[in-house]
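Which chain is which? The protein sequence lines are A and B, in order. By the UniProt record's numbering, the letter at position 192 of the first sequence is numbered 192, and the numbering carries on one by one without gaps. By the UniProt record's numbering, the letter at position 130 of the second sequence is numbered 130, and the numbering carries on one by one without gaps. First the structure, in the form of structure tokens, and then the observations on it.
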Amino acid sequence: MTAEHTGAAPPPGSVGDRAIRSTRRTRRWGSWYVAEHRFLSLRAYAQTVTVTAIGNPIIYLYAMGVGLATLVDANLGTDAVGGVSYLAFVAPALLCSAAIAVASDEFTYPIMIGFKWNPVFFAMNAAPIQPGQIINGIVIAVFVRIFVTCGIFYAFMLLFGAVPSATGFLAVFVAVLTGLGFGVLLMAYTATLTEDTGQLAMVMRFVILPMTLFSGTFFPLAVLPVWLQWIGWISPLWHGTELARVFAYGLSEPLWLSVLHVLYLAVLLAVGWAWARRITARRLNK
Amino acid sequence: MPEPVIVAQNLVKKYQDFAAVDGISFEVAPGESFGLLGPNGAGKSTTMRLVGAVSTRTGGDLRVLGLDPNRYGPEIRSRLGVVPQADNLDTELRVRENLLVYGRYFGLPRAQVARRTDELLAFAQLEDKAKSKVDALSGGMKRRLTIARALINDPSILLLDEPTTGLDPQARHILWDRLFRLKEQGTTLLLTTHYMDEAEQLCDRLVVIDNGVIMAEGAPAQLIRTYSSREVLEVRFGSDLNADVAAQIAGMGDRIEVLPDRILIYSENGESELVRIVDAGLTPITSLVRRSSLEDVFLRLTGRTLIE
Ligand SMILES: Nc1ncnc2c1ncn2[C@@H]1O[C@H](COP(=O)(O)OP(=O)(O)OP(=O)(O)O)[C@@H](O)[C@H]1O
Ligand SMILES: [Mg+2]
Numbered sequence: 001m002t003a004e005h006t007g008a009a010p011p012p013g014s015v016g017d018r019a020i021r022s023t024r025r026t027r028r029w030g031s032w033y034v035a036e037h038r039f040l041s042l043r044a045y046a047q048t049v050t051v052t053a054i055g056n057p058i059i060y061l062y063a064m065g066v067g068l069a070t071l072v073d074a075n076l077g078t079d080a081v082g083g084v085s086y087l088a089f090v091a092p093a094l095l096c097s098a099a100i101a102v103a104s105d106e107f108t109y110p111i112m113i114g115f116k117w118n119p120v121f122f123a124m125n126a127a128p129i130q131p132g133q134i135i136n137g138i139v140i141a142v143f144v145r146i147f148v149t150c151g152i153f154y155a156f157m158l159l160f161g162a163v164p165s166a167t168g169f170l171a172v173f174v175a176v177l178t179g180l181g182f183g184v185l186l187m188a189y190t191a192t193l194t195e196d197t198g199q200l201a202m203v204m205r206f207v208i209l210p211m212t213l214f215s216g217t218f219f220p221l222a223v224l225p226v227w228l229q230w231i232g233w234i235s236p237l238w239h240g241t242e243l244a245r246v247f248a249y250g251l252s253e254p255l256w257l258s259v260l261h262v263l264y265l266a267v268l269l270a271v272g273w274a275w276a277r278r279i280t281a282r283r284l285n286k
Numbered sequence: 001m002p003e004p005v006i007v008a009q010n011l012v013k014k015y016q017d018f019a020a021v022d023g024i025s026f027e028v029a030p031g032e033s034f035g036l037l038g039p040n041g042a043g044k045s046t047t048m049r050l051v052g053a054v055s056t057r058t059g060g061d062l063r064v065l066g067l068d069p070n071r072y073g074p075e076i077r078s079r080l081g082v083v084p085q086a087d088n089l090d091t092e093l094r095v096r097e098n099l100l101v102y103g104r105y106f107g108l109p110r111a112q113v114a115r116r117t118d119e120l121l122a123f124a125q126l127e128d129k130a131k132s133k134v135d136a137l138s139g140g141m142k143r144r145l146t147i148a149r150a151l152i153n154d155p156s157i158l159l160l161d162e163p164t165t166g167l168d169p170q171a172r173h174i175l176w177d178r179l180f181r182l183k184e185q186g187t188t189l190l191l192t193t194h195y196m197d198e199a200e201q202l203c204d205r206l207v208v209i210d211n212g213v214i215m216a217e218g219a220p221a222q223l224i225r226t227y228s229s230r231e232v233l234e235v236r237f238g239s240d241l242n243a244d245v246a247a248q249i250a251g252m253g254d255r256i257e258v259l260p261d262r263i264l265i266y267s268e269n270g271e272s273e274l275v276r277i278v279d280a281g282l283t284p285i286t287s288l289v290r291r292s293s294l295e296d297v298f299l300r301l302t303g304r305t306l307i308e
């Protein structure tokens, strides 16, 4: 057997050798090419994206932070939610929820589409793009969308006077981490689905909605009976929200707990990302 | 002889215990146009995926452009153009954008991709449709766009999985014309098809596959010479009578094939067989003498017709 037949490098100047040279760019930049593609696709629903990014903060901050807050502050005073106005209390939670909402959009149906309904992932993989790069590219694109969405949300928080602390802008990064940490897990799960027989709707109803309600979002976790508080401890939204509160209005919690929030979200991100890459590699290799 | 661009040796692909490709060997020379022929489920698409370096072989050996797909998948794919059996154009993008985005995947600079895109839109006769949505294209247009997309990187090898299935005769001829031009430019073609005329038109050489194994290999004319007679007489007696009649005319021609709706008599001279039948006192409802085709080769080898 010649050297070629052992899978070793082909002789210089051969077609194989030229192929290796010409693939270097894609090996390095493939993830970015996929992200580019995602941005172009995003234009198809650019209106929805824009309206959500601008409309959501106005509606939620007004309804919860102004409407509901008037009631809460008038009846319970600031003691109810740790010594700040209800608006200041709820705004960081809404910010993190906005990140979760974008993640829930971007990491579900577009994944079903790519694998099944309009299998563009297979087309990418037939070009020199590797399965892991497809996942990376999607994460990059969603990162940008979440970041912009949260940036706009934060601007409205400032406008509503919902951020007492100067370190408040850090809450944006926390929210992005929250959205991605939860989102990549959701993406990995969606990638395992060969058919959507309502699983995604179930996830929305029985995972995302309860998580939004019971993660110390609208009331402190301590209000819940102990036997329900575990929902908060495993919820990425709770970890994100608490940390965002530390930055937005100086919620007092031990340092180790703040570190734990970051670690927890980082671990979710790492695990979900790796898992999604693995499933994708397996699924594209038919 | 130049180094072959595809070498498969005893190639095997199993799904659990089922071998979709069960030890096939073939070589394709640069610039050659090579066909995989076979009925549904024969293993054609599976073979295409193995060569396309997107599916890992279970056994045997495979080199594409001298490279092992297990180690150099992206590198091999950078030199391939792939037209899959089912179109997977991005329906969220416009026609032109589909080519632009795809070109980037090969690491090509934007300006070069844009130039190539315009050439290919002309080549595929889709210039007027550049800004259309993909879903607004007809089946034949989508197929042409898929082929255009496969050519964006100026591939050394073009893999075409049933490129013309589902197209009307005119659309097929347009596609054949495009493929001929590529062949003239020296592109290697590996294609699967159910159409014998397509195989005869496009393939320099082909293999007939059934149940994941190769039944025969050669140039179309050579296969016909080897596995069939020069002419075929087709006679119909009505489905009830075919079997009875077959018994009576046994021994006529070189070989007889009884199909549900007709009897095929293979012979060097179809007309003289027809005379013998009539002399025997039988009157077919219809009769037809034609040249042997790949369809007959296929029937001989697999006992089945190609399109079921
Ligand atoms: N991913 C898979 N998992 C399990 N079985 C598979 C898979 N892909 C193909 N097969 C099986 O392998 C066999 C060959 O399939 P393949 O798609 O290669 O056939 P084909 O020759 O292309 O047929 P057709 O003319 O219908 O396109 C079939 O029996 C098919 O069911
Ligand atoms: Mg097939």
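Here a beta-carbon is modelled for each residue, glycine too, at the ideal position from N, C-alpha and C.
The beta carbon of I152 (chain A) sits closer than 8 Å to those of A53, I54, P57, all from its chain and outside the five residues before and after it, given in chain order. Across the set B:A130, B:V207, B:Q85, B:S138, the C-alpha of B:A130 shows the shortest separation from the C-alpha of N98 (chain B). From the beta-carbon of W29 (chain A), the residues of chain B found nearer than 8 Å are G107. Among the CB atoms of chain A, one or more fall inside 8 Å of the CB of V54 (chain B). In the DSSP assignment, N136 (chain A) falls within the unbroken alpha helix (DSSP H) covering 131-159. The closest heavy atom of ligand 2 lies 7 Å or more from the beta carbon of T164 (chain B). Contact between I208 (chain A) and S104 (chain A) holds: their C-beta atoms lie close to 6 Å from each other, under 8 Å. Rounded to whole angstroms, W275 (chain A) and A281 (chain A) show a C-alpha spacing of 10 Å. For E231 (chain B), the enclosing beta strand (DSSP E) begins and ends at 231-236.
S267 (chain B): member of the beta strand (DSSP E) spanning 263-267, first to last residue. At the C-beta level, G65 (chain A) and F219 (chain A) stay beyond 8 Å of one another. At a cut-off of 8 Å between C-beta atoms, R104 (chain B) counts as an interface residue with respect to chain A.
Closer than 7 Å to some heavy atom of ligand 1: that describes the Cβ of K286 (chain A). For the alpha helix (DSSP H) assignment, the uninterrupted runs of no fewer than 4 residues enclosed by the region 2-75 of chain B are, from N- to C-terminal side, 44-51.
Within the region 87-99 of chain B, those residues whose Cβ lies closer than 7 Å to any Cβ of chain A are, in chain order, N88, D90, T91, E92, L93, E97.
In the three-state reduction of the DSSP assignment, I113 (chain A) falls in the helix class. Spanning the alpha carbons of G303 (chain B) and G38 (chain B) requires a straight line of approximately 12 Å. Between ligand 2 and T56 (chain B), a heavy atom-to-CB distance of less than 7 Å is absent. Of all residues in the region 49-78 of chain B, those with a C-beta nearer than 8 Å to a C-beta of chain A are R49, G52, V54, S55, T56, D61, R63, L65, G66, L67, D68, N70, R71, Y72, G73, P74, E75, I76, R77, S78, reading in chain order.
If you check the C-beta of A42 (chain B) against ligand 1, you find a heavy atom less than 7 Å away. Taking 7 Å as the cut-off, the C-beta of Y249 (chain A) does not count as close to any heavy atom of ligand 1. Within the chosen limit of 7 Å, ligand 1 does not reach the beta carbon of T146 (chain B) with any heavy atom. For A86 (chain B), the number of other beta carbons within 10 angstroms of its own is below 16, and it is reported as exposed. The beta carbon of P84 (chain B) sits closer than 8 Å to some beta carbon of chain A. With contacts defined as CB atoms closer than 8 Å, D161 (chain B) and P84 (chain B) qualify as a contacting pair. For I157 (chain B), the uninterrupted beta strand (DSSP E) run begins and ends at 157-161, by DSSP. With fewer than 16 other CB atoms across the displayed protein chains lying within 10 angstroms of its CB, Y15 (chain B) is exposed.
Residues of chain A with a Cβ closer than 9 Å to the Cβ of V113 (chain B) do not exist; the shortest Cβ-Cβ separation is about 11 Å.
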